[in-house]
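One structure is given here, and the rest of the page talks about it.
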Amino acid sequence: MVSCILVLLFLVGTCAEVEAHAILVGSDPMHGAILDESPPRVLFRFNAALEHSVTRVNLLDVNKAQTPLRTVDSSIDRVAVALPWLSPGVYTVVYKVLARDGHVTEGFIRFTIRGQ
Amino acid sequence: MTTLIEFFSGLLDGCALVALALSAGGIAHGLVVLRALGARSIPERVATEHSIGIMIVAAAVVAGSRMAQLAMKPWALAGDTGDLAIEPFLHTDVFQAGMASVGLAACLSLTAFWLRKDVTQHGRWLVVILALAMFMVNEAWLSHAASRLDGSGLLMVVTTVHMLGAVVWAGGISHLLLFRLKGWRDPDASLQWPEAVGRFSALGIACMALIVASGLFLAWHYVRDWRGLIGTGYGNMLAVKLGLFAMIVLLAALNLLATERWRRGGDAASLRQRVPVYVEVEVILASAVLFTAAALASFPPAIDTPRDAATPAEMWGMFSPKTPRLAGPEHVWIEAPELTDLRSGEIGMKEDIRWDRFNHNASGVLLLTIAGLALLDRTGRVVLARHWPLLFVGFSILIVIFANPDEWPLGPLGFVKSASNTEVVQHWMAALVMLGLGVFEWRARCVAPVGTKLVFVFPILCIVGGIVLLTHSHQVLELRREFLIQSTHVAMGFLGIIAGCSRWLELRLPGPQDRIAGHAMVLSLVLVALILLFYVTPE
Chain R
1 MVSCILVLLF LVGTCAEVEA HAILVGSDPM HGAILDESPP RVLFRFNAAL EHSVTRVNLL
61 DVNKAQTPLR TVDSSIDRVA VALPWLSPGV YTVVYKVLAR DGHVTEGFIR FTIRGQ
Chain W
1001 MTTLIEFFSG LLDGCALVAL ALSAGGIAHG LVVLRALGAR SIPERVATEH SIGIMIVAAA
1061 VVAGSRMAQL AMKPWALAGD TGDLAIEPFL HTDVFQAGMA SVGLAACLSL TAFWLRKDVT
1121 QHGRWLVVIL ALAMFMVNEA WLSHAASRLD GSGLLMVVTT VHMLGAVVWA GGISHLLLFR
1181 LKGWRDPDAS LQWPEAVGRF SALGIACMAL IVASGLFLAW HYVRDWRGLI GTGYGNMLAV
1241 KLGLFAMIVL LAALNLLATE RWRRGGDAAS LRQRVPVYVE VEVILASAVL FTAAALASFP
1301 PAIDTPRDAA TPAEMWGMFS PKTPRLAGPE HVWIEAPELT DLRSGEIGMK EDIRWDRFNH
1361 NASGVLLLTI AGLALLDRTG RVVLARHWPL LFVGFSILIV IFANPDEWPL GPLGFVKSAS
1421 NTEVVQHWMA ALVMLGLGVF EWRARCVAPV GTKLVFVFPI LCIVGGIVLL THSHQVLELR
1481 REFLIQSTHV AMGFLGIIAG CSRWLELRLP GPQDRIAGHA MVLSLVLVAL ILLFYVTPE
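Protein chains in written order, with our numbering: chain R, 1 to 116; chain W, 1001 to 1539.
Right, here's the structure in full:
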């Protein structure tokens, strides 16, 4: 019975690691920003060191069209990706990163470019 | 897909942690408790070989778990098109440290196999200890400390020391319990129980000193102030871990007192009757602490989220007495940013959050009724009160129907879609636990014969239910609001574990301690009911 309890406890207990550890602590442009013109790039800043070789960032427009974005600059906790010129509209930039502790983090920021 | 894979990866991480505890604990148990190096009698050698046998399997499980985790990682990192990033992943520190972990765990298993052939050889023990030491050092590169931006080197060292103290203690006490269980069938081994407990006490004190010293350093680095401890998810889980650890220390102190009494006067009655029960509860609490440690890893450290920390006033607002909302919820649909489709940007809709408050408050009324009837049943004056466990069945139905009104069965989302939502699945698991609580406890009290093992289902499910609540996951976005909700669930999870352990002690201890433990169980249920009754969903 004791063995059963231990197995059960540990199986349930480990559910907590669903969420990843690295969190986005800042971005430029910020989540929810309303911009006058298309930004040249997006910069993400995390609270943890990253494994840059497996970082993935994609741009999504309102038509669900997906464009992979190229990393143009990176440091231990930051990733910058180049953006193509964007017409007015709402855009979502989705990122997926691997922290040095082995946790995968998925998230997004959204911003709006308004017309002149 | 990523969330699901990370879920299974976490599951494997837990398996590896348990197995590691049994491996490290096996060495400590063999050397300190069984004193294998000086083993003269056949039973001592047999007990040591049994312990090493568990260690061989446990270390192999560590290797297998780590390998499976590594194999899953490229899928977690894959893009929406399914393209796997295998080649880039091979160049990461995560992969290299992971492969080293697999190799060192396999090495630990093989050296333990070699040791089992002659457990009296100093050289063989030294090789096994070296293998464990190398594995533990490598683990530092897979810990959260490895990803910290400042002072990661020192944090990695302290994390490893903390982990070593925890796994040696948790594994050591598990081996002690297994030794006791085996002793029931082996009269020779049973005779050594008081001596074994006495030897383990010294090891336990040393491990606890390591855990406390390293834990204080880590808490200072990751939390820093009181507001971080009280007002963040990380701090909250740390507080639960401290609470559980305090209970372990209390039980360990009782073990120590019984051991000292035996050493002074040779009276082993308490050591034979009460200490085995304390050890059983310590093993349960140790597993809960390890779980809490795993849950802690899922939160960003408090020091990283100072602006999102809740104020004491906000915390009081969640727990303070207030008029419960028991009127039916209004059917108003509102925008739910957490239901936003990442691909399309479409914002989801869900029922007004007042539904959530009604759900919790109504559950509070039901649970308060259950606790009241349980108390009445203890007086023995009302015969019908003995059927109180059946109300848990109603509780489980309430959870399934009302916990997630935008999901199956009330909401527009179907069963399959709802089943992919981690939070929904956790609510269903909680409902299943409640159903089990009701059915098994009712059968144990009203149907089954006296002495039935069914009585142990209630404490086990209370503990499992408590752990489900502690793992109650919410979105990382809107940290403060999510934390305020989580704080109530964490408190209930903690009390659930206390209720389960109290009931276990009530069933296993001789009088009068059993009655004290029984009252503690009912008190825990009342406190959970009050939290639910005064629950309010933060805006």
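Backbone N, C-alpha and C fix where the C-beta goes; we use that ideal spot for every residue, glycine too.
Source: prediction; values computed, not measured.
Asked                                                                                                                                                                    : Found
DSSP state of Y1535(W), grouped into three classes?                                                                                                                      : coil
Using DSSP bridges, identify the partner residues of P68(R).                                                                                                             : N58(R)
Answer with yes or no whether the minimum CB distance from G102(R) to chain W is below 8 Å.                                                                              : yes
Relative to the alpha-carbon of D77(R), which residue among W1075(W), D1150(W) and G1064(W) has its alpha-carbon at the smallest distance?                               : D1150(W)
Please list the partners that V25(R) has in chain W, where partner means a Cβ-to-Cβ separation under 9 Å.                                                                : P1300, D1304 and T1305
Comparing the C-beta of V2(R) with each C-beta of chain W, is any distance below 8 Å?                                                                                    : Here the model assigns V2(R) a pLDDT of 38, short of 50, so the residue's position is not dependable, and the following value carries that caveat. True, the Cβ-Cβ gap to chain W drops below 8 Å.
How would you write the range of the alpha helix (DSSP H) that D1304(W) sits in, first residue to last?                                                                  : No alpha helix (DSSP H) contains D1304(W), which DSSP labels as neither H nor E.
Is there contact between the stretch 1135-1144 of chain W and the stretch 1169-1186 of chain W, where contact requires at least three CB pairs shorter than 8 Å?         : no
So S1438(W) packs on L1391(W), CB below 8 Å; how close in whole Å?                                                                                                       : Sequence check: residue 1438(W) is Gly here, not Ser. G1438(W) to L1391(W), Cβ: 7 Å. Contact.
According to DSSP, is V1382(W) part of a helix, a strand, or is it coil?                                                                                                 : coil
Would you kindly work out how many angstroms separate the C-alpha atoms of H1474(W) and F1200(W), rounded to a whole number?                                             : At H1474(W) the pLDDT is 47, less than 50, meaning the model places this residue with poor confidence; the figure from the coordinates comes in the next sentence. When rounded, the distance between both Cα atoms is 40 Å.
Mind pulling the chain W residues with CB within less than 7 Å of D28(R)?                                                                                                : Ordered by position in chain W, no residue passes the 7 Å Cβ test against D28(R), which lies about 18 Å from the chain.
Select from N1359(W), M1429(W), I1498(W) and V1383(W) the residue whose C-alpha is nearest the C-alpha of L1532(W).                                                      : N1359(W)
Thinking C-beta only, is E1482(W) closer than 8 Å to F1458(W)?                                                                                                           : no
What number of angstroms, rounded off, separates the C-alpha of D1356(W) from the C-alpha of A1499(W)?                                                                   : 25 Å
Rounded to whole angstroms, what's the CA-CA distance from E1423(W) to G1394(W)? Just pull it up for me.                                                                 : 21 Å
Just to confirm my understanding: we take A1281(W), look at its own chain, exclude 5 residues before and 5 after, and list those with CB closer than 7 Å. What are they? : In the sequence as presented, Ala is not what sits at residue 1281(W); that position holds Val. The residues are L1251, C1501, W1504 and L1505.
Below 7 Å between beta carbons is the criterion; list the residues of the stretch 75-102 of chain R that meet it against any residue of chain W, in chain order.         : I76, D77, V90, T92, V94, K96, L98, A99, R100, D101 and G102
Is R1445(W) near R1508(W), with beta carbons less than 8 Å apart?                                                                                                        : no
According to DSSP, simplified to helix, strand and coil, what is I1027(W)?                                                                                               : helix
What does the Cβ neighbour count give for G1153(W), buried or exposed, with the cut at 16 atoms within 10 Å?                                                             : exposed
Return the chain-ordered list of same chain residues with a C-beta closer than 7 Å to the C-beta of A1403(W), the five sequence neighbours on each side being excluded.  : N1359 and H1427
Would you check if the distance between the CB atom of R1066(W) and the CB atom of G1098(W) is smaller than 8 Å?                                                         : yes
With a 10 Å radius around its C-beta and 16 neighbouring C-beta atoms as the bar for buried, classify G1511(W) as buried or exposed.                                     : exposed
Relative to the alpha-carbon of L43(R), which residue among E37(R), V94(R) and A99(R) has its alpha-carbon at the smallest distance?                                     : V94(R)
Quick check: is any heavy atom of the ligand SAM less than 7 Å from the C-beta of W1504(W)?                                                                              : Among the components modelled here there is no ligand, and therefore nothing to report on the ligand SAM.
Got a sec, what are the start and stop residues for the alpha helix (DSSP H) R1116(W) sits in?                                                                           : D1093 to R1116
I'd like to check one pair, I1399(W) with A1419(W): are the Cβ atoms closer than 8 Å?                                                                                    : no
Going by C-alpha to C-alpha distance, which of P40(R), L98(R), H103(R) and N58(R) sits closest to S87(R)?                                                                : P40(R)
Using a Cβ-Cβ distance cut-off of 8 Å, determine whether L1437(W) contacts chain R.                                                                                      : no
Taking 7 Å as the limit between beta carbons, can you name the residues of its chain near L1020(W), skipping five residues before and five after?                        : V1062 and V1167
Whose C-alpha, out of P1194(W), R1443(W), L1238(W) and T1048(W), is nearest the C-alpha of G1215(W)?                                                                     : L1238(W)
Please report whether the beta-carbon of V1157(W) lies at a distance below 8 Å from any beta-carbon of chain R.                                                          : no
Indicate whether at least one CB of chain W lies closer than 8 Å to the CB of S53(R).                                                                                    : yes
Looking only at DSSP bridge pairs, what is V90(R) linked to?                                                                                                             : T112(R)
What's the call for T1323(W), buried or exposed, on a 16-neighbour Cβ count within 10 Å?                                                                                 : exposed
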